[in-house]
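Note sheet for the following structure.
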Amino acid sequence: MCGRYSLAISPSLIRQMLEDDGVPIADAPDDEGSEAPHQSYNFAPGSNGIVCTAGTHHRGTQPTPNDSYTSTPDCEPHQTKKDPQEHGGEEVEFKLQSMNWGIVPSWSSKNAASTPKAINCRDDSLRTPGGMWQSMKTRKRCIVVAQGFFEWLHVSPKEKVPHFVKRRDGRLMCFAGLWDAIKHEDTVDKRYTYSIITTSSNQQLRFLHNRMPVIFDADSKNFRQWLNPRQTRWTHDLQSLLKPYEGDLEVYPVCKDVGKVGRSSPSFILPLSDKGNGRDIARFFSSTSQNSEPKKQTGMGKHEKEGNQDTSITNAKLSPVERAETNKKHKISDVSSPTSKRRQVKPGPPGVKKITDFFS
1 MCGRYSLAIS
11 PSLIRQMLED
21 DGVPIADAPD
31 DEGSEAPHQS
41 YNFAPGSNGI
51 VCTAGTHHRG
61 TQPTPNDSYT
71 STPDCEPHQT
81 KKDPQEHGGE
91 EVEFKLQSMN
101 WGIVPSWSSK
111 NAASTPKAIN
121 CRDDSLRTPG
131 GMWQSMKTRK
141 RCIVVAQGFF
151 EWLHVSPKEK
161 VPHFVKRRDG
171 RLMCFAGLWD
181 AIKHEDTVDK
191 RYTYSIITTS
201 SNQQLRFLHN
211 RMPVIFDADS
221 KNFRQWLNPR
231 QTRWTHDLQS
241 LLKPYEGDLE
251 VYPVCKDVGK
261 VGRSSPSFIL
271 PLSDKGNGRD
281 IARFFSSTSQ
291 NSEPKKQTGM
301 GKHEKEGNQD
311 TSITNAKLSP
321 VERAETNKKH
331 KISDVSSPTS
341 KRRQVKPGPP
351 GVKKITDFFS
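The numbers in UniProt numbering rise by one with no breaks, and the one at position 62 of the sequence shown is 62.
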């Protein structure tokens, strides 16, 4: 199951990170404004997240952000942002779109807004024909973008400990997903929603939960095969993509405040210290940054430690370029503190020798 994840970066940075992984993006939502997706370290169902879809349009035309894509069956996975194929001059494009987490099927009644939404879709529920996922699994496959996800470990009947799971290399997590859109007669705009597909947990996460999201590498063939807009029939090859992740993940306990929906803090994705009574922020950032500074030992004690903590949390919100610049400034300020003035020694009376003169 995946009921909470983290996504606290802008669409423009997501676009850049995907393109760095070889996924060129033709269109993406704005970073700010009423239509901008939600950013949170504690991303909950009902929020507008970022999904990646792929579609085709005829060469020489420019689709608008809300245009529906057309699909052509039986085509190999595309490799580029605009990839002319032997299908009447059609081109394939990737795009990022803001959608609401929790599927509302296109055939739902208007009163469906008050009913529980399917935030997850089990992989085994897609094996058989029919059901609520039939039209989505053939034509409305997507990738849900995240930085990592949360899962709770049941240590006793009354106690659960939240854990954060992320890629060890720090790259984006790309969950397999399904989306749908609905438009009622008395509304102007379509409502886009999505669900995250889950599968059996891999060996690394089995201690935590028996289910986990299906995760793709952005630079993999599986990523493109899942999004291929011309594959409009559900096949064994598509079903076989839905399997436990084989890459290297990092999982660790985090503070229990993440359990409160609506709260967001960079500390929610940082590991607890070895003693379990604080957040070892310095150690967390030292593993991902070459500019991290060792802690100072001063007489300020706890006050000094909390000051370093605030700086690390602020840096977590910055882009990689901004974070590097900020670290540089802090480093300069650390080594350029003013030195104490030297005490002026007054000369003694004439004829009186200094005690050091007797040892010269």
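Glycine included, C-beta positions come from ideal geometry on N, C-alpha and C. Every value quoted in this text rests on a predicted model; they were computed, and no experiment measured them.
The beta carbon of Leu153 is closer than 7 Å to those of Lys160, Val161, His163 and Leu208 in its chain, skipping five residues each way along the sequence. With a cut-off of 8 Å on Cβ pairs, the segment 27-38 is in contact with the segment 89-106, counting three or more such pairs. Around the Cβ of Trp179, a 10 Å sphere holds 16 or more other Cβ atoms; the residue is buried. The criterion of a C-beta distance shorter than 8 Å is satisfied by Val214 and Ala176. With contacts defined by Cβ atoms closer than 8 Å, Ile196 and Cys52 do not form a contacting pair. Counting only the Cα atoms, Pro266 lies some 33 Å from Leu241.
Exclusion of the five residues before and after Gln39 leaves Ala8 as the residues of its chain whose Cβ lies within less than 6 Å of its Cβ. Taking each of Thr235, Met173, Glu185 and Phe43 in turn and checking the Cα distance to Gly262, the smallest one comes out for Phe43. Cys174 is not a Cβ neighbour of Phe94, given a cutoff of 8 Å. Beta-bridge partners assigned by DSSP to Pro162: Trp152.
In the assembly as shown, Trp107 is an exposed residue. Its beta-carbon has fewer than 16 other beta-carbons within 10 Å. The beta carbon of Lys183 sits closer than 6 Å to those of Lys190, all from its chain and outside the five residues before and after it, given in chain order.
Scanning its chain for C-beta atoms nearer than 6 Å, with the 5 sequence neighbours on each side dropped, one finds around Phe216 the residues Cys174, Asn222 and Phe223, in chain order. Distance between Gly49 and Pro37, taken at the CA atoms: about 6 Å. Thr199 has its alpha-carbon roughly 10 Å from the corresponding atom of Ser125. In the assembly as shown, Gln147 is a buried residue. Its beta-carbon has 16 or more other beta-carbons within 10 Å. Counting only runs of at least 3 residues, the segment 94-128 fully encloses the following beta strand (DSSP E) elements, listed from N- to C-terminal order: 120-122. Its Cα nearest to that of Leu238, the residue Thr138 stands out among Glu90, Glu250, Thr138 and Val254. In this structure, DSSP gives Ile25 a state outside helix and strand, which the three-state scheme calls coil. Excluding sequence positions up to five before and after Arg15, its CB lies within less than 7 Å of the CB of Ile25, Ala28 and Leu96, all in the same chain and listed in chain order. Fully contained in the segment 157-239 are the following alpha helix (DSSP H) runs of length 4 or more, in chain order: 221-227. The C-beta separation of Ile119 from Gly102 comes to about 5 Å, placing the pair in contact by the 8 Å criterion.
Membership of Arg141 in the beta strand (DSSP E) is indicated by the continuous run Arg141 to Ala146. The DSSP-derived three-state label of Glu19 is helix. Closest by C-alpha distance to Trp133, out of Asp21, Trp234 and Phe268, is Trp234.
Between the alpha carbons of Gln203 and Asp123 lies a gap of roughly 18 Å. Val254 carries a coil assignment under DSSP once its states are collapsed to helix, strand and coil. Sixteen is the threshold: when 16 or more other Cβ atoms of the shown chains lie within 10 Å of the Cβ of Arg230, as they do, the residue is buried. In summary, Gly33 is exposed, with fewer than 16 beta-carbon neighbours lying within 10 Å of its beta-carbon over all protein chains present.
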